[in-house]
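Numbering (this note's numbering), first residue to last: 1326 to 1753.
All residues carry an ideal CB built from backbone N, CA and C; glycine is no exception.
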Ligand code: EPZ
């Protein structure tokens, strides 16, 4: 397993190009199943999870051609042409789904297009049990017959899906995405109340509209979809990754650096920028991106609560904990989305962070000078928080199990090294 070694306490200065959003790319790739015509997606990030989804779609019989502008202008996004026509299988096997729980996103489109789908239950993951009960209840409301046998979801809709009024009791990003795709080809009108409003959900809705879907209320918590008999092909570019943007913004702040993040937009990170500015980080819009520096009076502790969009994203919670560890004063971070998303805490504590977890809240006492140590990555966002801590810390940090990082951060070492970080990946 690869390791990353960082010698910290060096200010980062320079430009980093932000890639397409992982959490938009995955549902967008799955949406190709809704049409027999070609969906061309550009600005796709080079990530393990994107390759895993492409592998799953290829296993289902989707023809995929991959090319990319590998150089120039910093836009390193890949271009995929995906065509789901001819003999498409409708089983997503355990050995693929267990590698990436977002595979559940093929359920809605397979059911809507082919009237049948057999998808392995994704199982839990490090940050929580992450059930898919809300996806299944909503699809059943649209007329699907759902059985759970041998760890698989067996779903049938022999007479097609029917429009329904879906009310999600809690906001679910994946649930909203599965139901958006299912409703796009259903018979009649579907209303999704308490829909997720994340930019990645909006990106999927906009791509579906480009494919001929009829969707109103995009960007709000109430989506109205009029099902169509079929959808056509489209060309669509993936929205920039707001979590990658926020992660590198914290990297500038914790190293007292000055980073320009290109290929992204301030309006994607309003809640992140709001909290960072409150703590003393300067963030200004520049051409095609943002510039991030630590303000002159330094960083102070601020309290943060994770919430569904437009609130502060749970995927930035671990990164914020690093900034709060080196800030002046105390702060409290409350995680309201997942039940076990503090696994970075014991690892950060090994580096000298002063954090106490009480249920879903963590109290952070700042003013600490972090020290390098050997640490272990446990999940994607915890991994990047360890990188951020290492960049700020005195001495050398070795981060193990960095395969977690490769799921969501493209060429992280290259991007950081180009801005002055002393960072190497050791392949074991
Ligand atoms: C998406 O996961 C993201 N993944 C996650 O990013 C992100 O943290 C999460 O949304 C919240 O923003 C992708 O988009 C691929 P949810 P998802 O359904 O869709 C509960 C990352 O690091 N729930 O919004 O799985 C669930 O247990 C990843 O990039 C049910 O109870 O999240 C959780 O507590 C991590 N039943 C809450 O809702 C359901 O049927 C939110 O989950 C569905 C969800």
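Residue 1670 places its beta carbon less than 7 angstroms from that of residue 1682. Contact check for residue 1508 and residue 1518: beta-carbon distance about 13 angstroms, past the 8 angstroms limit, so the pair fails to qualify. At least one heavy atom of the ligand EPZ sits closer than 6 angstroms to the Cβ of residue 1456. For the stretch 1686 to 1721, the continuous beta strand (DSSP E) assignments of 3+ residues that do not extend past its boundaries occur at 1686 to 1690, 1699 to 1701, in sequence order. The residue among 1340, 1595, 1548, 1387 with its C-alpha nearest the C-alpha of residue 1740 is 1340. Secondary structure remark: continuous alpha helix (DSSP H) runs of at least 4 residues inside the stretch 1524 to 1573, in chain order: 1524 to 1535.
The beta carbon of residue 1662 sits closer than 6 angstroms to at least one heavy atom of the ligand EPZ. Linking residue 1492 to residue 1333 through their CA atoms gives a straight-line distance of about 48 angstroms. Taking a 10 Å sphere around the C-beta of residue 1436, we find 16 or more other C-beta atoms and assign the residue as buried. Less than 7 angstroms divides the Cβ of residue 1530 from the Cβ of residue 1543.
Boundaries of the beta strand (DSSP E) around residue 1368: 1364 to 1369.
Excluding residues up to 5 positions away in sequence, 1628, 1686, 1688 lie with their Cβ nearer than 6 angstroms to the Cβ of residue 1657 in the same chain.
In the DSSP assignment, residue 1473 falls within the beta strand (DSSP E) that extends over 1470 to 1474. Of the heavy atoms belonging to the ligand EPZ, at least one sits nearer than 6 angstroms to the Cβ of residue 1427.
Your pair residue 1365 and residue 1406 checks out as a contact, with CB atoms roughly 5 angstroms apart and the cut at 8 angstroms. In terms of side-chain proximity, the C-beta atom of residue 1499 is found nearer than 6 angstroms to a non-hydrogen atom of the ligand EPZ. For the ligand EPZ, no non-hydrogen atom lies closer than 6 angstroms to the CB of residue 1726.
Residue 1411 holds the alpha-carbon nearest to the alpha-carbon of residue 1361 among 1343, 1411, 1624, 1570. A distance criterion of 6 angstroms places the beta-carbon of residue 1557 beyond contact range of the ligand EPZ, judged by its closest non-hydrogen atom.
Taking a contact as a CB-CB distance under 8 angstroms, the pair residue 1487 and residue 1506 does not count as one, their CB atoms being some 15 angstroms apart.
Shortest Cα-Cα distance from residue 1737 to any of 1409, 1710, 1626, 1621 involves 1710. Taking 4 residues as the shortest admissible run, the stretch 1484 to 1526 contains the following complete alpha helix (DSSP H) segments, listed from N- to C-terminal end: 1498 to 1509.
Residue 1495 places its beta carbon 7 angstroms or farther from that of residue 1520. In the three-state reduction of the DSSP assignment, residue 1439 falls in the helix class, which pools H, G and I.
In the three-state reduction of the DSSP assignment, residue 1723 falls in the strand class, which pools E and B. Residue pairing from DSSP places residue 1683 in a beta bridge opposite 1686. Residue 1675 sits in a helix when the DSSP states are folded into three classes.
Between the alpha carbons of residue 1523 and residue 1483 lies a distance of about 32 angstroms.
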